[in-house]
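Trainee:
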Amino acid sequence: PISQLIGVFVASSFVKTRGGVGLNAATSIDSTQYFYNFPSNKTELWFALESERFQKPVFRQFEKEKAVVLEERKLRVDNDSVGQFLEQYLMKAFDEHPYRRPVIGFEQDIRGLTRADVMSFFRKYYRPENISFGIVGDTNVEEVKMLAEKYFGGFEVGEKTNRSIPEEPVQKQEKSVIMKLDSEPWYVEGYHVPAFGAPEYPALRLLEGVLSGGRTSRLFRSLVLDKRIALQASFSSGFPGDKYASLGLLFALPAPGKSLDAVRDELRAQIETLKREGVRPSELARIKRSLKVSYLNAFQSNETMAGFLCEFAAKTGDPKNAFRLLGALDEVKSEDVTNLARTIFVESNRTVGKIV
Numbered sequence: 598p599i600s601q602l603i604g605v606f607v608a609s610s611f612v613k614t615r616g617g618v619g620l621n622a623a624t625s626i627d628s629t630q631y632f633y634n635f636p637s638n639k640t641e642l643w644f645a646l647e648s649e650r651f652q653k654p655v656f657r658q659f660e661k662e663k664a665v666v667l668e669e670r671k672l673r674v675d676n677d678s679v680g681q682f683l684e685q686y687l688m689k690a691f692d693e694h695p696y697r698r699p700v701i702g703f704e705q706d707i708r709g710l711t712r713a714d715v716m717s718f719f720r721k722y723y724r725p726e727n728i729s730f731g732i733v734g735d736t737n738v739e740e741v742k743m744l745a746e747k748y749f750g751g752f753e754v755g756e757k758t759n760r761s762i763p764e765e766p767v768q769k770q771e772k773s774v775i776m777k778l779d780s781e782p783w784y785v786e787g788y789h790v791p792a793f794g795a796p797e798y799p800a801l802r803l804l805e806g807v808l809s810g811g812r813t814s815r816l817f818r819s820l821v822l823d824k825r826i827a828l829q830a831s832f833s834s835g836f837p838g839d840k841y842a843s844l845g846l847l848f849a850l851p852a853p854g855k856s857l858d859a860v861r862d863e864l865r866a867q868i869e870t871l872k873r874e875g876v877r878p879s880e881l882a883r884i885k886r887s888l889k890v891s892y893l894n895a896f897q898s899n900e901t902m903a904g905f906l907c908e909f910a911a912k913t914g915d916p917k918n919a920f921r922l923l924g925a926l927d928e929v930k931s932e933d934v935t936n937l938a939r940t941i942f943v944e945s946n947r948t949v950g951k952i953v
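If you're matching positions, the sequence shown starts at 598 in the working numbering and goes up one per residue.
(1) Closest to residue 648 by C-alpha separation, out of 690, 686, 740 and 752, would be which residue?
(2) Are the CB atoms of residue 728 and residue 845 nearer to each other than 8 angstroms?
(3) Using a threshold of 8 angstroms, state whether the C-beta atoms of residue 656 and residue 708 are closer than that.
(4) Please go through the same chain and pick out, in chain order, the residues whose beta-carbon is closer than 7 angstroms to the beta-carbon of residue 748, but skip the five residues on each side of it.
(5) For residue 802, which residues in the same chain have their Cβ closer than 8 angstroms to its Cβ, ignoring the five residues on either side in sequence?
(6) Kindly indicate which three-state DSSP category residue 796 falls into: helix, strand or coil?
(7) Would you mind listing the alpha helix (DSSP H) stretches within the region 788–849 that are 4+ residues and don't spill past its ends, in chain order?
(8) Can you tell which of 798, 775, 783 and 782 has its C-alpha closest to the C-alpha of residue 789?
(9) Cα separation between residue 893 and residue 909?
(10) In chain order, what residues of the same chain lie with their CB nearer than 6 angstroms to the CB of residue 631, ignoring the 5 residues before and after it?
(11) With three or more beta-carbon pairs closer than 8 angstroms as the criterion, would you say the region 852–870 touches the region 823–831?
(12) Between the alpha carbons of residue 624 and residue 879, how many angstroms are there, rounded?
(13) With a threshold of 16 other CB atoms inside 10 Å of the CB of residue 935, please say whether the residue is buried or exposed.
(14) Note down the Cα distance separating residue 639 from residue 787, rounded to an integer number of angstroms.
(15) With which residues is residue 851 paired in a DSSP beta bridge?
(16) Could you pull the start and end residues of the beta strand (DSSP E) that residue 876 belongs to?
(17) In three-state DSSP terms, what is residue 764?
(18) Return the CA-CA distance between residue 658 and residue 838, expressed in angstroms with no decimal places.
(19) Report the three-state DSSP secondary structure of residue 950 (helix, strand or coil).
(20) Can you name the start and end residues of the beta strand (DSSP E) that residue 913 belongs to?
(21) Quick one: complete beta strand (DSSP E) runs, 3+ long, within the region 693–756?
(22) By DSSP, does residue 862 sit in helix, in strand, or in coil?
(23) Where does residue 770 sit, in a helix, a strand or coil, going by DSSP?
(24) What does the alpha-carbon distance come out to for the pair residue 685 and residue 774?
(25) Can you give me the Cβ contacts of residue 805 inside the same chain, cut-off strictly under 8 angstroms, excluding the 5 residues immediately before and after it?
(26) Per DSSP, residue 776 forms a beta bridge with which residues?
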């Protein structure tokens, strides 16, 4: 096994001495990603290393890593006003879906976690059908396929599990979360929006651009530049994730001396104008160009391209949907964006959040 060659605790140094850079991992609410760059002549070594990571893991330094996670939670949530607010906000906005729970977990759950819990989780979810590999660069497709079969052909499935994600029920009335914290005042309105792979997703991304796609967008121009009642104003979809139906957030950070009510009123005025008058064709064309450029920028490096393709594989089942999205954006009409806004931005679909 490759682990016998590189010894204990030195995998990072081993990768670096073979030309690897950027070795890291990250966990979002939708997935965990492992990534690094390797010279193209080390493709087989990459397969050897990754096959042992996923098929023969050894969970060393468990207590040390648990302490790191507890400290990270303390830093990002318990001792951070915005972190505290967002945790409570999601618990209010979602009734059933797991998006209501924090990615890092609650303190009592982390403290109670055992090595056996981690092993059980790994066997359930780190299975061949749940993993997507993205390999981008100066590679030979046939060689990659051969190496994949050599190193992962015997990847045994884990424990059978009936994984069922509860669907969030339709929200019937406005909710609110108001917290008095040691922080700048915040104003947030969250609306339930379609998932990443939904037919309405291209229109949702364009709606996001109309409202907060740069300095010429409606919210920034009105609240920040013209009326000067906010330091920041935006609308962003996909909170806290977007594999499943999630939240689109209207957000404003009031300017000094300006009230939360003032930014609330102007945010809603802009939304009502959009719903009433619609999106101008010239405005939509500009947003389409900008959004397509931002997507194409993801293909400027091997690392971002691999991540982008893996994201589409994990969320939609097909990495080629990354390219189909560009065509789907072209098909969206002004009335599609306007109708989506009229569907989303209604009082019964709204969760208001304030830090006062």
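By construction, the Cβ of each residue, glycine as well, lies at the ideal position given by its N, Cα and C atoms.
Remember, predicted model here, so these are calculated numbers, not experimental data.
Mentor: The relevant details are as follows:
(1) 752
(2) Cβ atoms of residue 728 and residue 845: not closer than 8 angstroms.
(3) Not a contact, by the Cβ cut-off of 8 angstroms.
(4) 644, 645 and 648
(5) 834, 888 and 926
(6) coil
(7) For the region 788–849, whole alpha helix (DSSP H) runs of length 4 or above, ordered along the chain, are 798–809.
(8) 798
(9) 14 angstroms
(10) 622
(11) yes
(12) 39 angstroms
(13) buried
(14) 46 angstroms
(15) Beta-bridge pairing links residue 851 to 827.
(16) Per DSSP, residue 876 belongs to no beta strand (DSSP E) and is neither H nor E.
(17) coil
(18) 30 angstroms
(19) The three-state secondary structure of residue 950, taken from DSSP, is strand.
(20) It is not in any beta strand (DSSP E) - residue 913 instead sits in the alpha helix (DSSP H) that spans 899–913.
(21) none
(22) Three-state DSSP puts residue 862 in a helix.
(23) Collapsing the DSSP output to three states places residue 770 in coil.
(24) When rounded, the separation of the alpha-carbon atoms in residue 685 and residue 774 is 8 angstroms.
(25) The beta carbon of residue 805 lies closer than 8 angstroms to those of 832, 833, 834 and 845 in the same chain, with the five residues before and after it left out.
(26) Answer is 952, bridged to residue 776.
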